[in-house]
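Protein chains: 2
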Amino acid sequence: MTQTQSSALYGPVAEDLILVEDLLESVKRVELAPLRLMLDHALAPRGKRLRPALVLLAGSFGDYNLNRLVPLGTAIELLHTASLVHDDVVDGAESRRGRPTANAVFDNALTVLLGDFMFANAAEMVTRTGSLPVTRLFALALMKMTSGELDQDAAAFDVARDVQHYLWRIGGKTAALFGHASQGGALLAQCTEGQVEALRSYGYNLGMAFQIVDDILDFTGDEAEMGKPAGGDLIEGTITLPALFYLDSAPRENPVRRFLSADGEREGYLPDALAAVVESDAIGRAQGMAQEFVDRALEGLSALEASDARHTLEELSGYVLTRRS
Amino acid sequence: MTQTQSSALYGPVAEDLILVEDLLESVKRVELAPLRLMLDHALAPRGKRLRPALVLLAGSFGDYNLNRLVPLGTAIELLHTASLVHDDVVDGAESRRGRPTANAVFDNALTVLLGDFMFANAAEMVTRTGSLPVTRLFALALMKMTSGELDQDAAAFDVARDVQHYLWRIGGKTAALFGHASQGGALLAQCTEGQVEALRSYGYNLGMAFQIVDDILDFTGDEAEMGKPAGGDLIEGTITLPALFYLDSAPRENPVRRFLSADGEREGYLPDALAAVVESDAIGRAQGMAQEFVDRALEGLSALEASDARHTLEELSGYVLTRRS
Numbered sequence: 345m346t347q348t349q350s351s352a353l354y355g356p357v358a359e360d361l362i363l364v365e366d367l368l369e370s371v372k373r374v375e376l377a378p379l380r381l382m383l384d385h386a387l388a389p390r391g392k393r394l395r396p397a398l399v400l401l402a403g404s405f406g407d408y409n410l411n412r413l414v415p416l417g418t419a420i421e422l423l424h425t426a427s428l429v430h431d432d433v434v435d436g437a438e439s440r441r442g443r444p445t446a447n448a449v450f451d452n453a454l455t456v457l458l459g460d461f462m463f464a465n466a467a468e469m470v471t472r473t474g475s476l477p478v479t480r481l482f483a484l485a486l487m488k489m490t491s492g493e494l495d496q497d498a499a500a501f502d503v504a505r506d507v508q509h510y511l512w513r514i515g516g517k518t519a520a521l522f523g524h525a526s527q528g529g530a531l532l533a534q535c536t537e538g539q540v541e542a543l544r545s546y547g548y549n550l551g552m553a554f555q556i557v558d559d560i561l562d563f564t565g566d567e568a569e570m571g572k573p574a575g576g577d578l579i580e581g582t583i584t585l586p587a588l589f590y591l592d593s594a595p596r597e598n599p600v601r602r603f604l605s606a607d608g609e610r611e612g613y614l615p616d617a618l619a620a621v622v623e624s625d626a627i628g629r630a631q632g633m634a635q636e637f638v639d640r641a642l643e644g645l646s647a648l649e650a651s652d653a654r655h656t657l658e659e660l661s662g663y664v665l666t667r668r669s
Numbered sequence: 345m346t347q348t349q350s351s352a353l354y355g356p357v358a359e360d361l362i363l364v365e366d367l368l369e370s371v372k373r374v375e376l377a378p379l380r381l382m383l384d385h386a387l388a389p390r391g392k393r394l395r396p397a398l399v400l401l402a403g404s405f406g407d408y409n410l411n412r413l414v415p416l417g418t419a420i421e422l423l424h425t426a427s428l429v430h431d432d433v434v435d436g437a438e439s440r441r442g443r444p445t446a447n448a449v450f451d452n453a454l455t456v457l458l459g460d461f462m463f464a465n466a467a468e469m470v471t472r473t474g475s476l477p478v479t480r481l482f483a484l485a486l487m488k489m490t491s492g493e494l495d496q497d498a499a500a501f502d503v504a505r506d507v508q509h510y511l512w513r514i515g516g517k518t519a520a521l522f523g524h525a526s527q528g529g530a531l532l533a534q535c536t537e538g539q540v541e542a543l544r545s546y547g548y549n550l551g552m553a554f555q556i557v558d559d560i561l562d563f564t565g566d567e568a569e570m571g572k573p574a575g576g577d578l579i580e581g582t583i584t585l586p587a588l589f590y591l592d593s594a595p596r597e598n599p600v601r602r603f604l605s606a607d608g609e610r611e612g613y614l615p616d617a618l619a620a621v622v623e624s625d626a627i628g629r630a631q632g633m634a635q636e637f638v639d640r641a642l643e644g645l646s647a648l649e650a651s652d653a654r655h656t657l658e659e660l661s662g663y664v665l666t667r668r669s
């Protein structure tokens, strides 16, 4: 993302995000050469830094102390990246954001340890906030994330799961860390209890919408824009909201079920399965649910005084809904 | 380990270790069924609980507050177990302590996530100590552990490494967590700075001796007592102290080098390589170095007042040297 795009999205905190970038850069400076090489690879793709932006924006509602907020933003981005590194090992993914994954370049064994090092580094980083409660919430968010990931893997190809189960899973996998970013930022800024809760709720619900849109894009997204081919979730057996809505109203015999229940070589069934979902009302229904979560996120904000930061958070929820990658 | 063995080894804190056992038991109570199953498997083998014992023994030199010491002991045991779970994935190990590994029972993907969950749980557990400094040291110890593991994997089969490099690696892989156990226990008990440093030094040096003995047992140990066949390190390409001492004084053409540099099928060369090390003076030299670290550990203790706990720590160092599994 360019500086201009960042300013447009993150308003008052866009410039301070460079401090997160610098701290992430410092993480790469380790003595052990193979580790340095791997960290360089894992931390190279400059993502949107949405989670660190949430930390700083939430911190803007109180005592905006960058000495505490920047380490939290960095810790959360590290944690997020570490979990992607392990996810790619778990899924055997070959590319992400148009680049080869760490496990594709190095091997699975070293990549597991790379992720562990990054988790440890994230934990060390969060203690630099000086706050034990924030450190504790950080560990709890990681427990939820991992539970969500584990559930996704354990429930793969199981068509008996429902929307409730899906929402529980993405709540852990994605929304918990979004919620922690905004809650943690508010706590570090010594916001009032009401502000902390409003910001936590905003972050959590934004995270829910974010993941639903991610799951929609896996059906409708453009490979060039996404940096990965469509249909990855179905290939992994991950039954996301669009597939669930589709299965809910499709006849018992349908292309998605045929794909999921195929023995062995199921790839030939993929194009029909994707087309069936995209042509049904499932995408629209999933978009509707993402909108509902954005509405809840905005509801949280309404309790906060008007400010540049609040305006930016409002705009951000629109971006999350309309983004294309 | 039976209660009698535990009492003999851990003296005044043996009974309180049951509280660590209870807290570890509580960790298994998660809602997600597949996770519960995996935690049950990973936490089932009742190890020696040496690291939690170190926490409690160190805590005995100050304010012996079990509400703080038991969570630290539990967190460290969880961290240790999580790292074994990931090591077994990394090494593709089939059995440990005579039981199938988690990755052998479940699959690699789920086992990576199981380890992640346990790391997160360990981080959550250490925050229950109420101490940010101890939490921070815990994260730093994990960073050192992972660096040591990474280095071991990256340097596999590389005969150009030396004893200095080996000591650096086991310092990270093993001794850092031993050092953190005794240092953390002392910090939580509000010991004086001198006591904290004496206990940290004891734990660190004990950990060095512990790992050297582990590496010796991988050559000399009895499969039935160890729960795994001998020679596992060489098979992984991990060149430990006995192999280093052997290579140091053997002629250039020797069975160990032949094994390490074999292309492809090297298993046939293993028996000769093991025999060569065992029949040389390398084992004796490695035992001598383990003794040196125990001496340094005891030196640390000499600064502390005589007590049951100090006596137990002294005895423990003898056990670490003479253990057979």
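Those protein sequences? They're chains H and A, same order as listed. The first sequence begins at 345 in the numbering used here and counts up by one. The second sequence begins at 345 in the numbering used here and counts up by one. We put the beta carbon where it would ideally sit given N, CA and C, even for glycine.
The C-alpha of A:Gly608 lies about 12 Å from the C-alpha of A:Ile579. Burial check for H:Arg412: the Cβ neighbour count within 10 Å reaches 16 or more, so the residue is buried. Taking 7 Å as the cut-off, the Cβ atoms of A:Thr445 and A:Leu368 do not count as close. Listed along chain A, the residues sitting closer than 7 Å to H:Thr471 by beta-carbon distance are Leu476, Thr479, Arg480, Ala483.
Judged by DSSP in its simplified three-state form, A:Arg440 adopts strand. For the segment 487-518 of chain A, the set of residues with a beta-carbon nearer than 7 Å to any beta-carbon of chain H comprises Met487, Thr490, Ser491, Glu493, Leu494, Asp495, Asp497, Ala498, in chain order. Within the segment 444-457 of chain A, those residues whose Cβ lies closer than 8 Å to any Cβ of chain H are, in chain order, Asn452, Ala453, Leu454, Val456, Leu457.
In terms of beta-carbon proximity, A:Asp566 stays away from the interface with chain H, with every pair separated by 7 Å or more. The segment 488-515 of chain H is shown to contain whole alpha helix (DSSP H) runs of 4 or more residues at 507-514, in chain order. Approximately 39 Å separates the beta-carbon atoms of A:Phe501 and A:Leu376; this is outside 8 Å, ruling out the contact. Three or more Cβ pairs drawn from the segment 509-516 of chain H and the segment 486-501 of chain H lie within less than 8 Å of each other, which places the two stretches in contact. For the segment 603-622 of chain A, the set of positions with a beta-carbon nearer than 8 Å to some beta-carbon of chain H is empty. Per DSSP, the unbroken alpha helix (DSSP H) holding H:Leu410 starts and ends at 410-435. For H:His524, the CB contacts under 6 Å within the same chain, skipping 5 residues up- and downstream, are Leu481, Ala485 in chain order. Taking each of H:Val638, H:His430, H:Pro586 in turn and checking the Cα distance to H:Ser624, the smallest one comes out for H:Pro586. Cβ contact annotation for A:Glu569 (same chain, cutoff 7 Å, sequence separation greater than five): Arg668, Ser669, in chain order. Interface with chain H (7 Å Cβ-Cβ cutoff): A:Pro415 is excluded. Residues of chain H with a Cβ closer than 7 Å to the Cβ of A:Glu468 are, in chain order, Arg480, Ala483, Leu484, Met487. Among the residues facing chain A, H:Asp460 is included, as its CB has a counterpart in that chain under 7 Å away. Listed along chain A are Leu494, Ala498, each with a C-beta nearer than 7 Å to that of H:Pro378. A contact between stretches requires three or more CB pairs, one per stretch, nearer than 8 Å, and the segment 519-533 of chain H fails this requirement with the segment 608-622 of chain H.
Note that the C-beta distance between A:Ala402 and A:Ala553 is not below 7 Å. Residue burial is scored here from C-beta neighbours: H:Glu537 has fewer than 16 other C-beta atoms within 10 angstroms and is therefore classed as exposed.
H:Asn465 reaches chain A at Met487, counting residues in chain order whose Cβ is nearer than 7 Å. Where A:Tyr613 is concerned, there is no enclosing alpha helix (DSSP H), because DSSP gives it neither an H nor an E. With its beta carbon less than 7 Å from one in chain A, H:His430 belongs to the interface. For H:Tyr663, the CB contacts under 7 Å within the same chain, skipping 5 residues up- and downstream, are Leu353 in chain order. Taking the Cα positions, A:Leu665 is about 11 Å away from A:Leu561. In the three-state DSSP reduction, A:Leu376 falls in the coil class, being neither helix nor strand.
Per DSSP, the continuous alpha helix (DSSP H) segment holding H:Ser526 begins and ends at 520-532.
Residues of the same chain with a CB within less than 7 Å of the CB of H:Asn465, apart from the 5 flanking positions on each side, are Val371, Leu422 in chain order.
Between A:Val638 and chain H, the shortest Cβ-Cβ separation is not below 7 Å. Collapsing the DSSP output to three states places A:Ala641 in a helix.
The beta carbon of A:Val357 does not come within 7 Å of any beta carbon belonging to chain H, so the residue lies off that interface. Not flagged as an interface residue toward chain A: H:Val600, since no C-beta distance is shorter than 7 Å.
Separation of A:Met489 and H:Lys392 (C-alpha to C-alpha, rounded to the nearest whole angstrom) is 31 Å.
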